[in-house]
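This report concerns only the one structure given below.
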Amino acid sequence: SRQGPAQSLPLRGGGRVREIAFTTRAPAVFAINGDGRVARLDLGVGGGVLTGELKQDKQGAAIQADMTNVEMGSLLPDLRGQVTGRVSMQGQGDTLRGSANVDLKQLRSIDAPRGLAVDGTLNADLTGDMLRLRAQAHDGTAVQATADVSLPVETSAAPLRLAIARTRDMSGQVSIRGQIQPIWDLFLGGAQSLSGQVNGQATLAGTLNAPRLNGRLDMTQGAFRDSASGLRLENVTLASRFNDSQAVIEQFQATDGLKGEVSGNGDIGLRQGSPSTLRLELARFRIIDNDIAQARANGRLTAVRGANGDIQLTGDLNIDDAEISPNLPGSTGIVKMEVVEINRPGGDPVQTEQKARSGPRIGLNLNLTGREIHVRGRGLNVELAANARVRGTIADPQLSGTANVVRGDYEFAGKRFVFDDRGSVTLSTDPSRIRLNLEAVREDPALTAVIKVTGTATAPKIELTSTPALPQDEILSQVLFGRSAAQLSAFEAAQLASAVASLAGGGGFDVIGNLRELAGLDRLSFSGEASSLTVAGGRYITDDIYLEVIGGAERGAAVSVEWQVRRNLAVTSKFGGEGDTSLSMRWRREGPRPGGDRRDRRPNASARR
Numbered sequence: 107s108r109q110g111p112a113q114s115l116p117l118r119g120g121g122r123v124r125e126i127a128f129t130t131r132a133p134a135v136f137a138i139n140g141d142g143r144v145a146r147l148d149l150g151v152g153g154g155v156l157t158g159e160l161k162q163d164k165q166g167a168a169i170q171a172d173m174t175n176v177e178m179g180s181l182l183p184d185l186r187g188q189v190t191g192r193v194s195m196q197g198q199g200d201t202l203r204g205s206a207n208v209d210l211k212q213l214r215s216i217d218a219p220r221g222l223a224v225d226g227t228l229n230a231d232l233t234g235d236m237l238r239l240r241a242q243a244h245d246g247t248a249v250q251a252t253a254d255v256s257l258p259v260e261t262s263a264a265p266l267r268l269a270i271a272r273t274r275d276m277s278g279q280v281s282i283r284g285q286i287q288p289i290w291d292l293f294l295g296g297a298q299s300l301s302g303q304v305n306g307q308a309t310l311a312g313t314l315n316a317p318r319l320n321g322r323l324d325m326t327q328g329a330f331r332d333s334a335s336g337l338r339l340e341n342v343t344l345a346s347r348f349n350d351s352q353a354v355i356e357q358f359q360a361t362d363g364l365k366g367e368v369s370g371n372g373d374i375g376l377r378q379g380s381p382s383t384l385r386l387e388l389a390r391f392r393i394i395d396n397d398i399a400q401a402r403a404n405g406r407l408t409a410v411r412g413a414n415g416d417i418q419l420t421g422d423l424n425i426d427d428a429e430i431s432p433n434l435p436g437s438t439g440i441v442k443m444e445v446v447e448i449n450r451p452g453g454d455p456v457q458t459e460q461k462a463r464s465g466p467r468i469g470l471n472l473n474l475t476g477r478e479i480h481v482r483g484r485g486l487n488v489e490l491a492a493n494a495r496v497r498g499t500i501a502d503p504q505l506s507g508t509a510n511v512v513r514g515d516y517e518f519a520g521k522r523f524v525f526d527d528r529g530s531v532t533l534s535t536d537p538s539r540i541r542l543n544l545e546a547v548r549e550d551p552a553l554t555a556v557i558k559v560t561g562t563a564t565a566p567k568i569e570l571t572s573t574p575a576l577p578q579d580e581i582l583s584q585v586l587f588g589r590s591a592a593q594l595s596a597f598e599a600a601q602l603a604s605a606v607a608s609l610a611g612g613g614g615f616d617v618i619g620n621l622r623e624l625a626g627l628d629r630l631s632f633s634g635e636a637s638s639l640t641v642a643g644g645r646y647i648t649d650d651i652y653l654e655v656i657g658g659a660e661r662g663a664a665v666s667v668e669w670q671v672r673r674n675l676a677v678t679s680k681f682g683g684e685g686d687t688s689l690s691m692r693w694r695r696e697g698p699r700p701g702g703d704r705r706d707r708r709p710n711a712s713a714r715r
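Positions in the sequence shown are counted from 1; adding 106 to them yields our numbering.
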């Protein structure tokens with residue numbers, strides 16, 4: 107509307123300002139009268155109320171804004187909580203003064219539980235050319251953080267201006283005491299978590315362009331988790347001091363939650379281009395802990411950051427205890443197919459190239475040795491001794507070296523083959539360059555069966571041979587059922603065909619194998635005809651004693667116990683459901699193979715000697 111020289115514009119409605127949604131509770135008014143300007147707002151924001159008024163002319167200005175119970179998530183999507191406060195400024199000419207009083211309730215990050223929320227206050231006073239900020243955060247009893255900082259400013263009421271003077275002296279003190287977890291989750295959070303009792307103080311001086319900082323930060327009873335790598339630190343103790351150019355870690359100690367320990371010290375440069383050195387010593391520390399592998403290591407690591415920001419990680423580690431559970435493909439035998447969809451309704455989605463986040467280059471120069479590296483799962487139960495090197499970078503590591511078989515066995519189609527300790531694996535980061543040279547042997551009274559695995563990890567070559575020499579299906583028939591393939595029932599022939607397909611990498615759907623794994627058995631077999639089907643399932647109680655339960659036969663259930671006394675001698679005792687028992691022995695004599703080594707290489711062989 108217009109009344110002489112005065113003009114005003116009332117507005118109703120809603121909208122967004124930088125993703126902050128608002129609606130008008132009363133008409134927003136913007137008025138001009140000569141050199142004077144007035145703006146009044148009464149808005150609904152984030153479930154709360156925001157009101158404000160600005161009066162300005164060429165002599166001065168006055169501002170007042172009030173916020174009541176506004177949800178933090180409407181202002182900053184990653185935070186939760188409520189904010190209530192008032193900001194006011196007024197002045198004439200070159201003089202501007204003002205204050206701010208803000209209360210924060212139940213402030214927390216979006217993924218933090220309510221129990222980790224903190225309350226806080228922020229008070230500001232603008233007097234002359236200094237702005238004093240006083241902040242406090244607390245959660246009752248667990249943590250108390252305070253800050254009192256005075257900043258030089260340049261101000262003016264006409265024209266309205268407020269700016270930090272970057273070349274004038276500032277001063278301040280910051281302290282934190284208590285549980286760090288609420289503060290960590292509020293400002294960092296994510297896949298990493300940190301908790302512990304901290305005691306820290308710092309003083310601030312210098313200018314904004316050249317700040318000077320001095321202080322200490324100590325921690326006790328700390329715990330750190332990184333869900334991505336599985337890294338876990340318990341009982342963390344940290345003693346450190348810092349200034350504006352360097353942080354000195356005087357003492358660092360932690361455990362992995364069990365018996366492993368890590369300790370160290372170092373110097374960390376805080377200015378761009380300044381060097382840093384961190385030295386760590388590991389004692390049976392769990393360096394890997396995820397669904398695939400767990401590993402403990404002893405040794406020393408050194409991380410050095412150069413003037414260009416790149417980091418070099420060097421050290422010698424001895425892996426003295428590792429458990430690897432390989433999730434090998436082909437557990438169901440179902441071949442996965444790539445599907446290309448054409449004529450998709452709405453068209454194909456637009457593929458946008460995402461740039462990788464830039465960060466410091468972390469170079470690797472690590473030597474790894476170890477003997478007690480156990481690989482278990484998918485039929486494997488083997489101990490390896492490794493001598494490896496890791497070079498390259500974190501983004502592109504280059505693995506080399508060898509892993510030699512110490513002892514172990516491989517379960518195939520419910521039967522155990524003992525690894526030859528002359529087997530080895532040539533290591534590489536590229537699976538197509540991992541060379542396999544493995545041999546597993548099964549000694550039965552009827553024959554000696556050998557599985558040879560050569561080639562690469564991506565294209566292994568599996569060969570089955572025997573002494574005396576037999577065709578592949580005959581070898582499997584003798585190993586699985588103890589008789590010729592021509593003597594097998596229809597069910598046994600189907601099992602034999604599945605085993606042959608699995609050995610050849612044919613990927614057939616192994617129903618029997620999947621049922622056996624589901625039941626937790628070492629062997630599951632079906633025999634007889636459809637009218638008199640017999641089901642047998644068993645497990646190895648020890649490496650040389652096998653217990654089997656047989657059911658479904660015309661004469662009722664039976665229990666069979668087989669004891670592998672020697673490589674060429676087996677004793678079997680069978681107890682029938684009708685009270686009948688039997689005892690049998692299988693024995694075979696053979697001459698030594700040329701170059702053969704007759705030592706027992708089963709996993710617990712040393713315990714039997």
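The beta carbon of each residue, even a glycine, is placed where N, CA and C say it ideally should be.
A quick note: this is a predicted structure, and the numbers were derived from the prediction, not measured.
I need the straight-line Cα distance from residue 182 to residue 136, nearest angstrom please. Position 76 of the sequence shown, counted from the start, is the residue given in the question as residue 182. Position 30 of the sequence shown, counted from the start, is the residue given in the question as residue 136. Cα atoms of residue 182 and residue 136: separation of roughly 28 Å, rounded to the nearest angstrom.
Close Cβ partners of residue 207 (< 7 Å) along its chain, the five nearest in sequence each way excluded: Taking the sequence shown and counting its residues from 1, the one referred to as residue 207 is at position 101. 191, 192, 229.
Residue 165 by DSSP, collapsed to three states: which one? Stepping through the sequence shown from its first residue, residue 165 is reached at position 59. In the structure shown, the three-state DSSP call for residue 165 is coil.
Would you mind sorting residue 565 into buried or exposed? The rule is 16 or more other CB atoms within 10 Å of its CB. To locate residue 565, count along the sequence shown from 1; it is residue 459. By the neighbour-count rule (16 or more Cβ atoms within 10 Å), residue 565 is not buried but exposed.
Mapping the DSSP letters down to three states, classify residue 613 as helix, strand or coil. Position 507 of the sequence shown, counted from the start, is the residue given in the question as residue 613. Residue placement at residue 613 is poorly supported in this model, since its pLDDT is 43, which falls under 50; the coordinates are not used for a value here.
So what's residue 363 in DSSP terms, helix, strand or just coil? Residue 363 sits at position 257 when you count from the first residue of the sequence shown. Coil.
Once you ignore the five residues that flank residue 176 on each side, which residues in its own chain have a CB closer than 8 Å to its CB? The residue labelled residue 176 in the question sits at position 70 within the sequence shown. For residue 176, where only same-chain residues beyond five positions count, the Cβ hits under 8 Å are 151, 152, 153, 154, 155, 156, 188, 189, 190.
Leaving out five residues before and five after residue 371 in sequence, what residues of the same chain have Cβ atoms less than 7 Å from its Cβ? Along the sequence shown, read from residue 1 onward, the residue named residue 371 stands at position 265. Excluding its 5 nearest sequence neighbours in each direction, residue 371 has C-beta neighbours in its own chain below 7 Å: 355, 356, 357, 358, 385, listed in chain order.
Can you tell me whether residue 179 is helix, strand or coil according to DSSP? For the purposes of this step, residue 179 is taken as the residue at position 73 of the sequence shown. The answer is helix: DSSP assigns residue 179 an H, G or I state.
Do you know whose CA, among 652, 376, 570, lies nearest residue 353's CA? Within the sequence shown, the letter at position 247 stands for residue 353. Checked all of 652, 376, 570; the closest Cα to residue 353 is 376.
Does the beta-carbon of residue 366, which I'm using as the reference point, lie nearer than 8 Å to any heavy atom of the ligand NAD? Absence of the ligand NAD is noted for the structure shown, with no ligands found whatsoever.
Can residue 422 and residue 405 be called in contact, C-beta distance under 9 Å? As a first step, residue 422 is located in the sequence shown; it is residue number 316 there, counting from the start. As a first step, residue 405 is located in the sequence shown; it is residue number 299 there, counting from the start. Cβ atoms of residue 422 and residue 405: closer than 9 Å.
Skipping 5 residues on each side, what residues in its chain have a beta carbon closer than 7 Å to that of residue 313? Walking along the sequence shown from the start, residue 313 turns up at place 207. So the qualifying residues of the chain are 272, 273, 274, 275, 276.
Residue 522 and residue 548: beta carbons closer than 9 Å? Locating residue 522 in the sequence shown gives position 416, counting from the first residue. Locating residue 548 in the sequence shown gives position 442, counting from the first residue. Residue 522 places its beta carbon less than 9 Å from that of residue 548.
Label residue 518 either buried or exposed according to how many other C-beta atoms from any shown protein chain fall within 10 Å of its C-beta, with 16 as the threshold for buried. Position 412 of the sequence shown, counted from the first residue, corresponds to residue 518. With 16 or more other CB atoms across the displayed protein chains lying within 10 angstroms of its CB, residue 518 is buried.
Reduced DSSP secondary structure (H/G/I, E/B, other) of residue 542: The residue labelled residue 542 in the question sits at position 436 within the sequence shown. Note: residue 542 maps to strand in three-state DSSP.
I need the boundaries of the alpha helix (DSSP H) containing residue 125, first residue and last residue. Taking the first residue of the sequence shown as position 1, residue 125 is located at position 19. Segment: none, residue 125 is in no alpha helix (DSSP H) and carries neither H nor E.
Cross-strand partners of residue 290 (DSSP beta bridge): In the sequence shown, counting from the first residue as 1, residue 290 sits at position 184. According to DSSP, residue pairing for residue 290 in a beta bridge does not occur.
DSSP state of residue 324 mapped onto helix, strand, coil: Sequence index remark: in the sequence shown, residue 324 carries index 218 (1-based). It is a strand residue.
Pairwise C-alpha distance: residue 365 and residue 430: As a first step, residue 430 is located in the sequence shown; it is residue number 324 there, counting from the start. As a first step, residue 365 is located in the sequence shown; it is residue number 259 there, counting from the start. So the two alpha carbons sit approximately 19 Å from each other.
Compute the beta-carbon to beta-carbon distance between residue 602 and residue 582, rounded to the nearest angstrom, for a pair I have assumed lies under 8 Å. Within the sequence shown, the letter at position 496 stands for residue 602. Within the sequence shown, the letter at position 476 stands for residue 582. Beta-carbon to beta-carbon, residue 602 and residue 582 are separated by about 6 Å, close enough to satisfy the 8 Å threshold.
Do you know offhand how far residue 498's Cα is from residue 477's? In the sequence shown, the residue the question calls residue 498 occupies position 392. In the sequence shown, the residue the question calls residue 477 occupies position 371. One C-alpha to the other measures close to 24 Å.
Have a look at 419, 678, 211 and flag the residue whose alpha-carbon is nearest the alpha-carbon of residue 227. Position 121 of the sequence shown, counted from the start, is the residue given in the question as residue 227. Minimum Cα distance to residue 227 is reached at 211.
Applying the 10 Å Cβ sphere with the 16-neighbour rule, what's the burial state of residue 316? As a first step, residue 316 must be located in the sequence shown, where it is residue number 210. Its Cβ having fewer than 16 others within 10 Å, residue 316 is exposed.
Using 8 Å for Cβ pairs, my map puts residue 545 next to residue 529. What's the rounded Cβ distance? Locating residue 545 in the sequence shown gives position 439, counting from the first residue. Locating residue 529 in the sequence shown gives position 423, counting from the first residue. Confirmed, Cβ separation roughly 6 Å.
Residue 438 in three-state terms, based on DSSP: Locating residue 438 in the sequence shown gives position 332, where the first residue counts as 1. Any reading at residue 438 needs caution, since the residue's pLDDT is 45, under 50, leaving its predicted position unreliable; the model's value is listed next. If DSSP states are grouped into helix, strand and coil, residue 438 belongs with coil.
Through-space distance from residue 202 to residue 262, alpha-carbon basis: The residue you call residue 262 lines up with position 156 of the sequence shown. The residue you call residue 202 lines up with position 96 of the sequence shown. The straight-line gap from Cα to Cα measures roughly 6 Å.
Taking just the CA atoms, how far does residue 221 sit from residue 651? By 1-based counting over the sequence shown, the position of residue 651 is 545. By 1-based counting over the sequence shown, the position of residue 221 is 115. Cα to Cα, residue 651 sits roughly 55 Å from residue 221.
Please give the ranges of any beta strand (DSSP E) in the segment 528-573, keeping only runs that are unbroken, at least 3 residues long and fully inside the region. Listed in chain order, the complete beta strand (DSSP E) runs (minimum 3 residues) inside the segment 528-573 are 530-532, 541-549, 554-561, 566-573.
Which residue's Cα is closest to the Cα of residue 171: 224, 145, 178, 186? Here residue 171 refers to the residue found at position 65 of the sequence shown. Answer by Cα proximity: 145.
To the nearest angstrom, how far is the alpha carbon of residue 363 from that of residue 392? Your numbering for residue 363 matches position 257 in the sequence shown. Your numbering for residue 392 matches position 286 in the sequence shown. Across the structure, residue 363 and residue 392 are spaced so that their CA atoms are roughly 9 Å apart.
On a CA-only basis, which of 559, 253, 580 is nearest residue 525? Give me that one, please. Here the question's residue 525 lines up with position 419 in the sequence shown. Taking the Cα of residue 525 as reference, the smallest distance to any Cα among 559, 253, 580 is reached at 559.
Assigned exposure category for residue 501 - 16 Cβ within 10 Å defines buried: Locating residue 501 in the sequence shown gives position 395, where the first residue counts as 1. Counting Cβ neighbours within 10 Å, residue 501 comes out exposed, since fewer than 16 surround it.
Is it buried or exposed, residue 615, if we count other Cβ atoms within 10 angstroms and call 16 or more buried? Locating residue 615 in the sequence shown gives position 509, where the first residue counts as 1. Model confidence at residue 615 stands at a pLDDT of 44, short of 50, so the residue's coordinates are unreliable; what they give is reported in the following sentence. Exposed, by the Cβ-count rule.
Name the one or two DSSP bridge partners that residue 594 has. Within the sequence shown, residue 594 is the residue found at index 488, counting from 1. According to DSSP, residue 594 bridges with nothing at all.
When the distance is taken between beta carbons, is residue 302 closer than 9 Å to residue 345? In the sequence shown, residue 345 corresponds to position 239, counting from 1. In the sequence shown, residue 302 corresponds to position 196, counting from 1. Taking 9 Å as the Cβ cut-off, residue 345 and residue 302 do not qualify as a contacting pair.
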